[in-house]
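Working notes, beginning with the structure itself.
Residue numbers (UniProt numbering): 1 to 251.
Below is the structure:
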């Protein structure tokens, strides 16, 4: 665990000293909420009893976690291509610690971006529930989801031979996880065949849980099922990253 903390701390220090990345993260959060959320609210005023800003904000937050995970994979890929990863491998630490350090730093950035988005969303008219424990639960689920998708991104980064190849492969995960979900539209309005696809997507369960916990929306899916699916996704993502990482090291 100490090795995980050291790698996490290294990535966070690098992040906090990088003004471009800090400004980009803040502006990206504001632009997504203001331009997309406010613009769509002009077309759709209410969905399932909630104003559209409150409905869409969990989906925008999930998108930020996906984008952050792609960035986390880029960090690992950059360290691998530059030979820094060999220094980690030469140290007497578990291979899993290397991946967990990268995944937890990515999750930390996702939580920071989610906090900015929540503040901007509330200023733009989103209505948070009055349950602080619900906010905490939503953030914990978001962290698990970020770890899960970080695992997918880190696994792809472990086998990619170039930055262009990495982006090409991660594209196959990124868009389906967002658009084949309930991020932009309610589950009930989708055709049956698409509902089946959406229910296979772990993003759907995260978004539904965040809507219930943080915004007081009526649940579409059982809460325990949402928690179980997000936790399973985090575990599968970590296993995926570790498997491909160990295969790359052996190769």
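No residue lacks a Cβ here, since even glycine has one placed at the ideal position from N, Cα and C.
Residue j beta carbon less than 7 angstroms from that of residue i
i: residue 240; j: residue 155; result: yes
i: residue 68; j: residue 14; result: no
i: residue 142; j: residue 180; result: no
i: residue 31; j: residue 159; result: no
i: residue 73; j: residue 157; result: yes
i: residue 242; j: residue 99; result: yes
i: residue 169; j: residue 124; result: no
i: residue 236; j: residue 205; result: no
i: residue 7; j: residue 83; result: no
i: residue 12; j: residue 105; result: yes
i: residue 66; j: residue 166; result: no
Separation of residue j from residue i, as counted between CA atoms
i: residue 87; j: residue 20; result: 27 angstroms
i: residue 9; j: residue 97; result: 13 angstroms
i: residue 145; j: residue 71; result: 15 angstroms
i: residue 111; j: residue 64; result: 9 angstroms
i: residue 134; j: residue 214; result: 5 angstroms
i: residue 128; j: residue 34; result: 17 angstroms
i: residue 79; j: residue 151; result: 16 angstroms
i: residue 28; j: residue 58; result: 15 angstroms
i: residue 258; j: residue 211; result: Residue 258 cannot be examined here, being either before or after the span of the chain that is shown, 1 to 251.
i: residue 188; j: residue 196; result: 12 angstroms
i: residue 56; j: residue 217; result: 12 angstroms
i: residue 194; j: residue 201; result: 11 angstroms
i: residue 90; j: residue 23; result: 35 angstroms
i: residue 132; j: residue 174; result: 30 angstroms
i: residue 222; j: residue 81; result: 44 angstroms
i: residue 107; j: residue 228; result: 18 angstroms
i: residue 225; j: residue 164; result: 37 angstroms
i: residue 153; j: residue 126; result: 31 angstroms
i: residue 51; j: residue 191; result: 23 angstroms
i: residue 122; j: residue 186; result: 21 angstroms
i: residue 75; j: residue 138; result: 26 angstroms
Boundaries of the alpha helix (DSSP H) in which residue i is found, first to last residue
i: residue 6; result: 2-16
i: residue 193; result: 192-199
i: residue 131; result: Looking at the DSSP string, residue 131 is not in any alpha helix (DSSP H), and its letter there is neither H nor E.
i: residue 184; result: Taken as a continuous stretch (DSSP letters only), residue 184 belongs to no alpha helix (DSSP H), as it is neither H nor E.
i: residue 102; result: 95-123
i: residue 165; result: 163-179
i: residue 211; result: 202-215
i: residue 90; result: 84-90
Whole-Å CB distance - residue i paired with residue j, under 8 angstroms assumed
i: residue 60; j: residue 117; result: 6 angstroms
i: residue 103; j: residue 147; result: 5 angstroms
i: residue 178; j: residue 203; result: 7 angstroms
i: residue 93; j: residue 3; result: 4 angstroms
i: residue 246; j: residue 95; result: 6 angstroms
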